[in-house]
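Worksheet: the structure to be examined is printed underneath.
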Amino acid sequence: MEIKTDFLVLGSGIAGLSFAIRAAELGTVAIATKKEKSESNTNYAQGGIAAVHDPSDRFEYHIRDTLLCGAGLCKEDVVDFVVREGPERIQELLDWGVEFTKAKPGSSSIYDLGREGGHSMRRVLHAKDLTGSEIERALNEKASSNPNIHVYENHLAVDLIMSSAITGEANGPSNRCLGAYVLDINHNRVHTFIAKYIILATGGAGKVYLITTNPDIATADGIAMAYRAGALISNMEFIQFHPTCLYHPEAKSFLISEAVRGEGGILKLRSGETFMEKYHPMKSLAPRDVVAKAIDTELKKSGEEFVLLDISHKDREFILNRFPNIYQKCLEFGIDMTSEAIPVVPAAHYLCGGVVVNHYGETNIERLFALGEVSCTGLHGANRLASNSLLEAVVYAHRAFVRVSEMFSQSREVSVTIPPWGQQQAIESDESVVVSHNWDEIRRCMWNYVGIVRSDKRLERAKRRIDMINREIDEYYQQFFITKDLIELRNIATTALLIVRCAQMRKESRGLHYNIDYPEKDDVNWLKDTTISRETI
Ligand code: FAD
Ligand code: SIN
């Protein structure tokens, strides 16, 4: 089937939905999303969205905190406009029906403001500890009621369609994105989506690692597709490990929000001793890279499997009211956080790098935009400040809308004939077990060799293994019919390689990238991004 639309949005997290709602003012929007429409990293966001809201806060303070956290690599102009445009975008979310938790009567601000690591002020708007699902609820309701928006659930984008591949011209400046091949998972058919503008909003890459806070959708599909299409990719070495993921053999990917530490939670060793004072003056509320590395060091020293996060000294009613979701989830695993400490470990959480975009979310490929976690805007530099990613997504979705509004009246229909997806030579696989073995091997290899602490030797070891797995997957991909699992495996393998290559390039330690062979920051040579593309890898 061929589907023609003005805007093709890949992904239905905060970035895709907030762009789609605005773009529907201009034309038709097709949203292809690989699971149910609310399933996304956005849906699991707990802490909230950072923006200057309290009268005592200042744009300058939020800018300073973001820059400090980013360890010298943030683009200052980007930080400046994202922070300043924040309050307007928050108002837009409110207008679209998002209900943030209100402050107690008599407070200086209307909304209750949380605090998280690296923030010098309380500035995180939240919906208790379920901010992301509240955002998804409101935006999906808004999008569903718009006749110009059509959502295709269980539709997985396989690859972008590039004009060079259709016309046979070499990849050049006129190479344009025309749409995407998308697998309808339920009917096992690949459809051709053709659009004037294509918006990648496919989110992050947590599933590249064995232990992650991310849900199953986070398989870095957008980054891998953009890379294959010829997009520039930057700063993939900066993987943010969240310090506090629940440690329990049956708990899959459950985050214990940094807001718990923001409200007084303290990190302790199993012996009950505190340790963060040895690492940073902000102690348990230090920036995430510092806390995750400190926990990693303490765990390696003690041989223990987890540390503890203790907020049991706070009033029970306060905990129940502020963290109802975290309380309930911990209780399901037999942990009552109002009376005992929670066992936690660091886990892969957020990708600071991604597809390079300009101030309007445009990639180096004509008509292809990248918004949200899939993109690298320059806001986060070497380490993202907590709760700045939801903010980045809404600011850039708006900016991309402004840009397409300027171009829309002159934009051309796609006039070339696009061939349907073809796998004429492919057959049904009789050894699907290869997919699950490779899946497991990549994630373990990345966790062991490209984790919080790296070395040249570990990176080289990872590169050799990932290269080999990539070759094996390529062969498999040519021979057999595609499935969701195979597509996702191919994408995590490609992205793992991009992470390793960027990590090998950066011969220093900065922010989220720590290499024991170059333990110091090198501002003379490395105050710059790592950038790769399929031409340079
Ligand atoms: P996502 O919300 O991940 O959406 C991606 C969408 O793309 C999904 O709908 C997915 O199904 C779809 N998709 C992916 N691949 C394909 C494909 N091939 N074809 C079609 N569809 C596809 N940030 C904050 O600022 N504050 C927080 O409090 C916070 N808490 C977090 C808590 C957790 C547990 C996690 C995991 C992240 C948290 N983050 C937080 C980070 C933040 O949630 C994400 O960075 C942000 O939501 C990303 O939004 P997005 O729209 O770019 O991507
Ligand atoms: C959290 O609630 O700790 C996550 C916040 C974030 O990732 O920005």
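Residue numbers (our numbering): 668 to 1204.
Note that beta-carbon positions come from the ideal geometry of N, C-alpha and C, so glycine has one too.
Using a Cβ-Cβ cutoff of less than 8 Å, which residues in the same chain neighbour residue i once the five nearest sequence positions on both sides are dropped?
i       : result
LYS769  : ILE777, TYR778, ASP779
SER1122 : ASN1182, ILE1183, ASP1184
ASN1137 : ALA1160, THR1161, LEU1164
GLU1139 : VAL1101, ASN1105
ILE1119 : PHE908, ALA959, LYS960, ASP963, PRO1013, TYR1181
Can you tell me where the alpha helix (DSSP H) with residue i in it begins and where it stops?
i       : result
ASP747  : 743 to 762
LYS863  : Taken as a continuous stretch (DSSP letters only), LYS863 belongs to no alpha helix (DSSP H), being part of the beta strand (DSSP E) at 856 to 867.
HIS729  : 726 to 736
ALA893  : 888 to 896
ILE816  : Per DSSP, ILE816 belongs to no alpha helix (DSSP H); it is in the beta strand (DSSP E), 816 to 819.
GLY683  : 681 to 690
ILE962  : 955 to 969
LEU998  : 991 to 999
VAL1129 : The question names Val, yet the displayed sequence has Ala at residue 1129. 1123 to 1146 is the span of the alpha helix (DSSP H), which, as asked, contains ALA1129.
Under the assumption that residue i contacts residue j (Cβ atoms under 8 Å), give the Cβ distance between them as a whole number of angstroms.
i      : j       : result
LYS863 : ARG1125 : With a Cβ gap of about 45 Å, LYS863 and ARG1125 do not count as contacting.
LYS702 : ASN821  : 6 Å
SER979 : LEU936  : In fact, because the Cβ distance is near 16 Å, the residues do not count as touching under 8 Å.
ILE933 : ASP977  : 5 Å
GLY784 : PRO948  : With 8 Å as the limit, GLY784 and PRO948 do not qualify as a contact, their Cβ atoms being about 13 Å apart.
ILE993 : ASP796  : 5 Å
CYS912 : VAL1011 : 6 Å
ALA697 : ILE670  : 6 Å
Considering only residues of the same chain and omitting the five flanking positions on each side of residue i, which have a CB-CB separation below 7 Å?
i       : result
VAL749  : LEU1046, LEU1058, GLU1059, VAL1062
ILE906  : ALA1015, LEU1018, ILE1166, LEU1179
ARG1168 : ILE1199, ILE1204
GLU1175 : TYR1185, GLU1187, LYS1188, ASP1189, TRP1193
SER924  : GLN713, GLY714, ASP796, ILE993
GLU965  : LEU936, PHE942, VAL974
ALA1008 : LYS935, LEU975, LEU976, ASP977, SER979
VAL765  : GLU801, ILE802, ALA805
Is residue i near ligand 1 - that is, is its Cβ less than 7 Å away from at least one heavy atom of it?
i       : result
TYR1017 : yes
HIS822  : yes
SER1078 : no
ILE716  : yes
LEU1224 : Not covered by the structure: residue 1224. The range shown for the chain is 668 to 1204.
VAL768  : This sequence places Thr at residue 768; Val is not what is there. Every heavy atom of ligand 1 is 7 Å or more from the Cβ of THR768, so no.
LYS702  : yes
VAL1041 : yes
SER800  : no
GLY694  : no
TYR711  : yes
LEU677  : yes
ILE681  : yes
ASN708  : yes
THR880  : yes
LEU797  : no
ASP747  : no
ASP888  : yes
LEU827  : no
GLY785  : no
SER979  : no
SER811  : no
Measuring from the CB of residue i, is there a heavy atom of ligand 3 at a distance below 7 Å?
i       : result
ASP1184 : This structure lacks ligand 3; its bound ligands are ligand 1 and ligand 2.
Got a sec? Which residues, its chain only, sit under 6 Å from residue i by beta carbon, not counting five neighbours each side?
i       : result
MET788  : ASP724, TYR728
GLY1020 : SER901, ASN902, MET903, PHE905, CYS1043
TRP763  : ALA805, LYS809
LYS981  : GLY931
GLU1155 : THR886
Which first and last residues belong to the beta strand (DSSP E) in which residue i is found?
i       : result
ALA805  : Not the beta strand (DSSP E): ALA805 falls in the alpha helix (DSSP H), residues 798 to 811.
TYR1017 : 1009 to 1018
LYS935  : 933 to 935
ASP1097 : Unbroken run through ASP1097: none, as it is neither H nor E.
HIS1065 : Taken as a continuous stretch (DSSP letters only), HIS1065 belongs to no beta strand (DSSP E), being part of the alpha helix (DSSP H) at 1055 to 1074.
GLU706  : First-last for GLU706: undefined, no H or E at that position.
PHE1036 : 1035 to 1037
PHE908  : 906 to 913
ASP851  : 844 to 851
LYS671  : 669 to 677
MET829  : 822 to 829
ILE1159 : No beta strand (DSSP E) contains ILE1159, which is instead part of the alpha helix (DSSP H) from 1151 to 1172.
ILE698  : 696 to 699
VAL927  : Segment 925 to 929 is the alpha helix (DSSP H) holding VAL927; no beta strand (DSSP E) there.
LEU976  : 974 to 977
VAL1191 : It is not in any beta strand (DSSP E) - VAL1191 instead sits in the alpha helix (DSSP H) that spans 1190 to 1193.
Closer than 5 Å from C-beta to any heavy atom of ligand 2: which residues, in chain order? GLN713, GLY714, SER924, GLU925, ALA1053, SER1054
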